[in-house]
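Residue numbers (the UniProt record's numbering): 1 to 546.
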């Protein structure tokens with residue numbers, strides 16, 4: 001009887017044993033079966049009290065009203081109580097496919113063209129279904145399409161002439177609209193508007209969720225109160241909810257079930273009422289479950305740290321960007337001083353400007369662009385400021401092409417430092433070579449300073465170098481033999497030879513300013529020019545025998 005699934009209590013089993021017991025240890029099962037057959041035959045003749053074949057009571061709500069609505073708010077969740085997933089609109093499905101293709105950079109034709117051997121643009125329904133599944137499974141992030149959604153896509157692109165075929169070429173063109181529009185070469189004036197993938201991603205992540213703006217105001221306020229309550233408990237108690245949700249999220253898709261959401265909150269001591277929990281579900285639940293990532297962004301407000309790469313990129317842009325031009329000074333606008341500076345550099349280092357400029361003139365037009373002219377000046381190493389370069393460009397600009405510079409005329413002007421052009425027309429002219437000077441604004445002396453300098457130099461010239469041997473001391477301080485020494489070493493040399501006592505501090509400062517030379521970021525004194533000036537003054541001084 002246990003094998004047949006007939007369960008009897010101990011008292012009923014003892015009564016049956018006493019009735020059909022034989023020889024005190026066996027049972028007459030034939031008599032037992034005969035008694036059961038008589039009962040069945042009696043019920044067949046006279047009718048049963050409850051007939052299993054009678055029609056059930058009419059239940060019109062079955063299939064139309066969800067069980068979850070009948071039972072109300074439950075704490076135990078079962079798939080049978082969940083609302084069936086509604087079939088998405090074909091436009092929503094296509095936008096989801098476009099977002100998947102755009103995110104993973106997929107080519108749609110690679111999944112369908114091997115089915116279309118004749119390149120007719122049409123394949124069978126099963127082949128299209130297989131290609132669509134392969135497209136959804138490809139990429140770093142897989143994409144799920146339900147059977148009703150796949151059937152809706154197939155019906156949309158079914159061949160009107162053959163119902164067993166699907167126009168996959170049309171489907172490909174519609175999906176590729178996320179990248180571009182087909183046959184743009186025929187319509188070059190069409191403005192292509194590329195949708196933002198982020199917007200599509202946000203819409204795709206909310207599938208199955210409710211439109212929060214259309215929810216009842218009471219539910220919205222209840223949800224906001226629940227979020228505020230959770231946020232306050234997290235701030236005051238320093239609770240981390242993310243590790244708990246991560247443990248439940250086995251697929252790492254940012255969603256957990258409704259029951260897991262309740263367990264995560266209760267295990268951390270966050271107790272909410274059933275109405276508040278259902279309000280949170282109504283806000284953060286979708287087809288995939290409870291979106292805890294979105295929920296944690298609301299309840300765990302953290303200051304978003306800007307990535308270090310952003311600041312590094314800004315610094316690199318700032319360093320590589322062109323510095324704004326400063327207002328030009330009087331010297332930067334003076335073309336004479338600029339050319340004197342260039343000629344001095346050319347004479348000292350023996351530079352031929354034309355050799356650096358003509359490489360940019362490939363067509364031998366005698367002019368080059370302003371950018372190439374600036375590059376040529378940098379290659380020559382003239383060390384000009386931006387305003388000085390602009391002054392040169394304006395002076396030597398081509399009269400017929402203002403955006404270009406006449407580099408030939410500029411090279412001829414610079415070459416005047418070595419020789420004078422057109423000497424064959426004036427053979428009696430004696431050419432004078434350009435002598436570069438080291439004078440600058442810091443060496444400029446006014447009338448009073450020149451008088452002070454004259455008096456000081458007259459005092460120092462009374463003791464010539466033949467007697468004082470000042471040059472040997474200065475050469476000892478000049479370790480690199482560059483002809484200049486620092487102001488401190490110059491003062492030590494004069495003091496060592498007893499010449500500093502002949503002049504005052506003001507006269508010493510004027511001498512340093514007159515023979516000053518800027519080397520790097522340091523102000524030094526050109527002692528060679530100083531010694532040469534003393535020798536000239538000693539040689540030209542009047543000799544008084546008495």
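C-beta: ideal position from N, C-alpha, C; glycine also.
Return the bridge partner residues of residue i from the DSSP annotation.
{"i": "residue 397", "result": "405"}
{"i": "residue 516", "result": "525"}
{"i": "residue 291", "result": "255"}
{"i": "residue 166", "result": "123, 158"}
{"i": "residue 567", "result": "As shown, the chain starts at 1 and ends at 546. That puts residue 567 outside it, with no answer to give."}
{"i": "residue 285", "result": "290"}
The beta strand (DSSP E) that contains residue i, what's its start and end?
{"i": "residue 34", "result": "Per DSSP, residue 34 belongs to no beta strand (DSSP E); it is in the alpha helix (DSSP H), 29 to 46."}
{"i": "residue 486", "result": "484 to 486"}
CB residue i to CB residue j, shorter than 8 Å?
{"i": "residue 453", "j": "residue 514", "result": "yes"}
{"i": "residue 335", "j": "residue 414", "result": "no"}
{"i": "residue 548", "j": "residue 484", "result": "This structure leaves residue 548 out entirely; the chain is present only between 1 and 546."}
{"i": "residue 122", "j": "residue 174", "result": "no"}
{"i": "residue 242", "j": "residue 296", "result": "yes"}
{"i": "residue 534", "j": "residue 428", "result": "no"}
{"i": "residue 275", "j": "residue 222", "result": "yes"}
{"i": "residue 389", "j": "residue 298", "result": "no"}
{"i": "residue 112", "j": "residue 154", "result": "no"}
{"i": "residue 386", "j": "residue 325", "result": "yes"}
{"i": "residue 181", "j": "residue 101", "result": "no"}
{"i": "residue 345", "j": "residue 351", "result": "yes"}
{"i": "residue 499", "j": "residue 463", "result": "yes"}
{"i": "residue 407", "j": "residue 367", "result": "yes"}
{"i": "residue 93", "j": "residue 152", "result": "yes"}
Hey, quick one: how far does the alpha helix (DSSP H) through residue i stretch, first residue to last?
{"i": "residue 471", "result": "470 to 477"}
{"i": "residue 349", "result": "335 to 349"}
{"i": "residue 360", "result": "Here residue 360 belongs to no alpha helix (DSSP H), and DSSP marks it neither H nor E."}
{"i": "residue 227", "result": "217 to 237"}
{"i": "residue 426", "result": "From DSSP, residue 426 is part of no alpha helix (DSSP H); its letter is neither H nor E."}
{"i": "residue 376", "result": "370 to 380"}
{"i": "residue 100", "result": "90 to 104"}
{"i": "residue 458", "result": "447 to 460"}
{"i": "residue 3", "result": "Note, residue 3: premise wrong, no alpha helix (DSSP H); not H, not E."}
{"i": "residue 188", "result": "No alpha helix (DSSP H) contains residue 188, which DSSP labels as neither H nor E."}
{"i": "residue 309", "result": "308 to 320"}
{"i": "residue 247", "result": "242 to 248"}
From residue i to residue j, what does the alpha carbon distance come to, in whole angstroms?
{"i": "residue 411", "j": "residue 355", "result": "9 Å"}
{"i": "residue 392", "j": "residue 538", "result": "43 Å"}
{"i": "residue 244", "j": "residue 125", "result": "45 Å"}
{"i": "residue 404", "j": "residue 430", "result": "35 Å"}
{"i": "residue 283", "j": "residue 250", "result": "23 Å"}
{"i": "residue 34", "j": "residue 10", "result": "23 Å"}
{"i": "residue 188", "j": "residue 88", "result": "35 Å"}
{"i": "residue 133", "j": "residue 149", "result": "12 Å"}
{"i": "residue 197", "j": "residue 292", "result": "Model confidence at residue 197 stands at a pLDDT of 49, short of 50, so the residue's coordinates are unreliable and nothing is read from them."}
{"i": "residue 433", "j": "residue 417", "result": "6 Å"}
{"i": "residue 203", "j": "residue 285", "result": "Unreliable positioning characterises residue 203 in this predicted model, as indicated by a pLDDT of 46, which lies under 50. A coordinate reading is not provided."}
{"i": "residue 186", "j": "residue 371", "result": "38 Å"}
{"i": "residue 24", "j": "residue 259", "result": "59 Å"}
{"i": "residue 531", "j": "residue 505", "result": "19 Å"}
{"i": "residue 231", "j": "residue 238", "result": "10 Å"}
{"i": "residue 272", "j": "residue 246", "result": "21 Å"}
{"i": "residue 329", "j": "residue 486", "result": "29 Å"}
{"i": "residue 469", "j": "residue 497", "result": "8 Å"}
Would you say residue i reaches chain C, if we count a Cβ-Cβ gap shorter than 8 Å as a contact?
{"i": "residue 9", "result": "Absent here is chain C; the protein component of the structure consists of one chain."}
query = Should the region 360 to 379 be called in touch with the region 416 to 428, which here means at least 3 C-beta pairs below 8 Å?
reply = Result no; under three Cβ-Cβ pairs closer than 8 Å.
ask   = Is it true that the region 303 to 317 meets the region 254 to 273, where meeting means three or more beta-carbon pairs spaced less than 8 Å apart?
value = no
inquiry  = Across the region 465 to 481 and the region 367 to 382, are there enough close Cβ pairs to call them in contact, namely three or more that are closer than 8 Å?
reply    = no
inquiry  = Does the contact criterion of 3 or more C-beta pairs under 8 Å hold for the region 144 to 151 versus the region 108 to 120?
reply    = As far as the Cβ criterion goes, the region 144 to 151 does not touch the region 108 to 120, which means the pair count is below three.
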